[in-house]
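What follows is a short report on a single structure.
In this note's numbering, the protein residues as written are 13 to 999.
Next up, the structure:
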């Protein structure tokens, strides 16, 4: 017991009332700011805005929208009514007999007529969607979704959307644009009128090569999805229309309003299910819904966290033999949690649902320290026969040093996370370190003070409160025999087996160029990382993936290079323009902008055709799809149905191959200018569409556009490969016609001006939550300073994609670097800190070696989940945080054990066996009790639909189990073998 510890203990006891009053005031003060917590689950804030993927996504989202897409699908059920036949189908067809892996098909795909009828259902697979009630249901859902806060109604794509229209030719040879369904819906009183309206819808949607693949489901008799224009597409007996989809877009402001918004969305969908759920599958997915639902589920499951707390109360009550040993330590732990949450609210730091682990970790770590200090107080009270306050002083004096050492190493574990450029890692680091510091006061100090101030009756004479239980005595005696006898082979064998198993799982002896541990997949499947396999959100997402061409967004912004398209200001002839100033004369000069260039349009077409042929990309859309439709309508010979032969961009090569429709019979040598045709078609589209209809795909000025696509998988291996394939496509085609005239996405080192992000000279505009601040600033006659982003140098030359796919790849890049580096940096930092604190590199080496065993065990667990394709448990960026945290937790127990061994060796005069048994009976029992409490507290985390809390609970629980074996057997064994002077002295 050193002088500092004695002085600190004496000071806290002497000023106990002041310390308690200050702590109570500070806790209440910080608790006020909990209401300001900002939990939003925004992938764009996970990484810095200078990341190339984040910048590409932000630019595309601000310029064209479609950054927050929500999809709602409506599919007619083949089996109507019955006693839950779809659950029967899911249970009957579950696992593959050969591989043992789960069959990922949804219940509707597994449904058969026999299963339906066995459940007393009615088999109605002959019905199609062209029924008034079904179309009107979709239209009402569209209107209700547009009415939700933060919607971008102009960007919605579905059969009821304003911008989605029947495109044809008029009698005079011009273009004709008509709504697919009337504003009032399909007539429900006049069948003849309704039939005419439905026939118009059917022709308008089923013959549209752009809209049909995305907005409707046509299904073959075997239940598979029919692709547009395949054989039988237009034959209702071969391919029947079974569903429609609404693709909605929401502004970025939804991210700060997730909980109210998702509550309204769920109510909307539930109302549809209540009315039509017996006949229609209603499925919902998409980034804003997905991320908001994580917060919604967390709030709905608040009672699980209450149960977790009550489990800790009960366990401490039992282990510390009374309510005082439970409530008083937890007063300090709760104070720490409140203060830390208050700091989160006070700083307005943007948090994710992953941060729910912070209060749970503080509860776990604080409880662990509380067990140690309360056990020590009880021991001092009865072993030495002193007064409660004196016992409290001695308990504080003897535990404050090892507690400080343990908390410092915990803080080191958190601190190393702050160097990872992921926002919630930094949040864990900052708030975790702060919480750790408060534990020294709130728990390690206050718990024994409260125990002494309110000791209860006959506490001093009731020795049973400190008497070791039969289990604790038996455990200490058994473990001592194991460590000092031949049975030591058991814990050694357990460690060897763990390391061997992890080596097999991680394939560490089969390294590749890309990974030293190829068995560990570090990419993220966002859906499985967020929600468990059988959660409602994942069931809907899988089903939509079967009936739609994809629901995971990807976008590629396109912009004409200044050297090729300088975009000059319009010439002025009123004398205001300086002589010699370059300008654009609309009467003399060709139209400006890359999207008036036929070769650029052909390059986009070529890119989209390639993307659609990619096995992992189900659908793409861009402005050129509209251009191709116009070309098809205008070039198909008069009197014929539109011919898909002409569904192409009219560039020079295509025109030369089809001079029968583009040429002039009177002048066979004349070849039309491709750029003039493209410009003319652009003018036709602009004249025949409503304002804003094309803004989602091409910007005003015709120099910027976007390719929007949907990926049909979230498998982390496949999504990573998809991004690499896209990047390689542009490398391979960089010198092809049209490709070299524009930029595709952003690259390392690029400088870009954000379209909507910036600062207005009018403060009220900056303080608003409006998604159109730039326009608002102009309306207020303010000056707008746009945000300029310098994209960081990532050492790459390839372009970046945006959308959810881009966010996925961005986190993959970080995880690929950090999954080894970050834990090893933590281990090195802990080694240095331990060596300095203990004054013994040998003790530090013993502690660090055990941490590395735990770390490798966690790598093995992540690799195991990779091997069985459980993407909730692989080592993606969200679970990697558990590695460093678990290392910080694990070292605590080693520090307490080594500190107590040193103390016992001094007390017994160097009798090792006696010292070991005493340590195991006291500190060892407390370590075991701590881990039991911690494991019990994590149980409720495993019971929500959230996979991220489940995964962190699993990884930290595994680490705790490994840690208890190491702390109670391997560490004492290593101390005995190497005999560090810190424990054994100089002799």
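From the three backbone atoms N, C-alpha and C, an ideal C-beta is built for every residue, glycine too.
Once you ignore the five residues that flank residue i on each side, which residues in its own chain have a CB closer than 6 Å to its CB?
{"i": "residue 72", "result": "567, 569, 718, 814"}
{"i": "residue 18", "result": "409"}
{"i": "residue 111", "result": "In this prediction, residue 111 scores a pLDDT of 47, lower than 50, which makes its location untrustworthy; the coordinate-derived value is nonetheless stated afterwards. Excluding sequence neighbours, residue 111 sits near nothing in its chain."}
{"i": "residue 905", "result": "939, 975, 979"}
{"i": "residue 768", "result": "74, 786"}
{"i": "residue 852", "result": "992, 994"}
Can you find a CB in chain C that lies within less than 8 Å of the CB of residue i?
{"i": "residue 593", "result": "Among the chains of the structure shown, chain C does not appear; only one protein chain is present."}
Verify whether the separation of the beta carbon atoms of residue i and residue j is less than 8 Å.
{"i": "residue 340", "j": "residue 488", "result": "no"}
{"i": "residue 647", "j": "residue 656", "result": "no"}
{"i": "residue 83", "j": "residue 162", "result": "no"}
{"i": "residue 378", "j": "residue 348", "result": "yes"}
{"i": "residue 170", "j": "residue 248", "result": "no"}
{"i": "residue 903", "j": "residue 943", "result": "no"}
{"i": "residue 840", "j": "residue 612", "result": "no"}
{"i": "residue 297", "j": "residue 88", "result": "no"}
{"i": "residue 661", "j": "residue 688", "result": "no"}
{"i": "residue 519", "j": "residue 716", "result": "no"}
{"i": "residue 193", "j": "residue 147", "result": "yes"}
{"i": "residue 882", "j": "residue 533", "result": "no"}
{"i": "residue 151", "j": "residue 216", "result": "no"}
{"i": "residue 280", "j": "residue 256", "result": "no"}
What is the residue span of the alpha helix (DSSP H) that residue i lies within?
{"i": "residue 734", "result": "728-744"}
{"i": "residue 149", "result": "144-159"}
{"i": "residue 309", "result": "299-312"}
{"i": "residue 189", "result": "Run containing residue 189: none in the alpha helix (DSSP H); it sits in the beta strand (DSSP E), 187-191."}
{"i": "residue 853", "result": "853-879"}
{"i": "residue 89", "result": "It is not in any alpha helix (DSSP H) - residue 89 carries neither H nor E in the DSSP assignment."}
{"i": "residue 78", "result": "Per DSSP, residue 78 belongs to no alpha helix (DSSP H) and is neither H nor E."}
{"i": "residue 421", "result": "400-429"}
{"i": "residue 171", "result": "First-last for residue 171: undefined, no H or E at that position."}
{"i": "residue 449", "result": "435-454"}
{"i": "residue 492", "result": "482-496"}
According to DSSP, residue i sits in a beta bridge with which residue or residues?
{"i": "residue 163", "result": "262"}
{"i": "residue 540", "result": "According to DSSP, which records beta bridges pairwise, residue 540 is partnered with nothing at all."}
{"i": "residue 571", "result": "716, 755"}
{"i": "residue 178", "result": "190"}
{"i": "residue 257", "result": "85"}
{"i": "residue 565", "result": "722"}
{"i": "residue 296", "result": "84"}
{"i": "residue 962", "result": "BP columns for residue 962 are empty, so no partner."}
{"i": "residue 710", "result": "717"}
{"i": "residue 251", "result": "232"}
Within the continuous beta strand (DSSP E) that includes residue i, where are the two ends?
{"i": "residue 802", "result": "796-802"}
{"i": "residue 229", "result": "228-232"}
{"i": "residue 235", "result": "Where residue 235 is concerned, there is no enclosing beta strand (DSSP E), given that its DSSP letter is neither H nor E."}
{"i": "residue 767", "result": "763-772"}
{"i": "residue 664", "result": "Not the beta strand (DSSP E): residue 664 falls in the alpha helix (DSSP H), residues 664-669."}
{"i": "residue 629", "result": "629-633"}
Taking residue i as the reference, give the member of the options with the closest Cα.
{"i": "residue 285", "options": "95, 85, 169", "result": "85"}
{"i": "residue 740", "options": "696, 671, 665, 626", "result": "626"}
{"i": "residue 541", "options": "961, 660, 46", "result": "961"}
{"i": "residue 774", "options": "792, 767, 757", "result": "792"}
{"i": "residue 451", "options": "385, 846, 326, 222", "result": "385"}
{"i": "residue 310", "options": "38, 52, 562", "result": "52"}
{"i": "residue 329", "options": "742, 973, 945, 879", "result": "945"}
{"i": "residue 748", "options": "614, 779, 157", "result": "614"}
Here's a check: name, in chain order, each residue in its chain whose Cβ is nearer than 7 Å to the Cβ of residue i, leaving out the five neighbours to either side.
{"i": "residue 822", "result": "59, 63, 65, 66"}
{"i": "residue 835", "result": "867, 895, 896, 899"}
{"i": "residue 855", "result": "846, 910, 992, 994"}
Any heavy atom of the ligand FAD closer than 7 Å to the CB of residue i?
{"i": "residue 566", "result": "Although the ligand FAD was asked about, the structure shown includes no ligands whatsoever."}
Starting from the C-beta of residue i, find all residues in its chain whose C-beta is less than 8 Å away, skip the five residues before and the five after it, and write them out in chain order.
{"i": "residue 199", "result": "144, 205, 206, 209"}
{"i": "residue 49", "result": "353, 356, 357, 363"}
{"i": "residue 242", "result": "251"}
{"i": "residue 760", "result": "64, 803, 804, 805, 806, 807, 808, 809"}
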